[in-house]
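Below is one structure, written out as structure tokens; the observations come after it.
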Amino acid sequence: MGIIVRAETPADCAAVAAVHVRAWQVAYAGIVPDDILAALDVPARTAWRLDRLADPDSPFHNLVALDGDTVTGFVCHGPYRAQELDGSPLQPEFGEILAIYVHPDHWGTGAGDTLLLAALDALPQPEVRLWALADNHRALRFYARHGLHPDGLRATYRPTGSDVDIPELRCTLRRG
1 MGIIVRAETP
11 ADCAAVAAVH
21 VRAWQVAYAG
31 IVPDDILAAL
41 DVPARTAWRL
51 DRLADPDSPF
61 HNLVALDGDT
71 VTGFVCHGPY
81 RAQELDGSPL
91 QPEFGEILAI
101 YVHPDHWGTG
111 AGDTLLLAAL
121 DALPQPEVRL
131 WALADNHRAL
141 RFYARHGLHP
151 DGLRATYRPT
161 GSDVDIPELR
171 CTLRRG
């Protein structure tokens, strides 16, 4: 049947939240402190997703990957959120992949490739950016296969409710 990608609906939010939590717990083991990973909460993440999806003014778009009826991953994309770094508004001249996660049971199936390509196709900007944890080597290799390479900009990510700063890299794809 193959992987199907479509817009996320409210009915998908619980499954997407479960994918998000499990992907974090596996991908970030040894990078993000264990207590933070253990505290991730699917119902809270579901509620957050429902709120975000219901916002008619959001400039961000969410896609899900389906294998049959099973949500296997998701991607969120839109204009670049430079305000997180320098207080400026969104920079719509650049695209951004805000998040892309696939359930670990579906790593290597092509779901991530299909999601990333769908998001890149939907972003019209000649330059697309994303942030990745510096020690997430698997993700950095995945992004590099799709032309997204570290561009030299570094920052730190602080998980909600923690005092831990985790190094991250910005990756950029420049298209003709």
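Heads up: the sequence shown is residues 1 to 176, going by the UniProt record's numbering.
Quick reminder that beta carbons are idealized off the backbone N, C-alpha and C, glycines included.
- In the DSSP assignment, R45 falls within the unbroken alpha helix (DSSP H) covering V42 to A54.
- Taking 8 Å as the cut-off, the beta carbon of V26 is found no closer than this to the beta carbon of V71.
- In the DSSP secondary-structure assignment, A39 is not bridged to any residue.
- One Cα belongs to A132, the other to L169, and the distance between them is close to 5 Å.
- Across the structure, T172 and G161 are spaced so that their CA atoms are roughly 29 Å apart.
- According to DSSP, residue pairing for V5 in a beta bridge involves A65.
- The DSSP assignment places 127 to 133 as complete runs of the beta strand (DSSP E) inside the stretch 110 to 136, in order along the chain (cut-off: 3 residues).
- Judged by DSSP secondary structure, R22 falls within the alpha helix (DSSP H) whose first and last residues are C13 to A27.
- Among the bridge pairs identified by DSSP, R154 is matched with L169.
- Looking at the DSSP output, H77 shares a beta bridge with H61 and I97.
- Between I4 and L66, the alpha-carbon positions lie close to 5 Å from each other.
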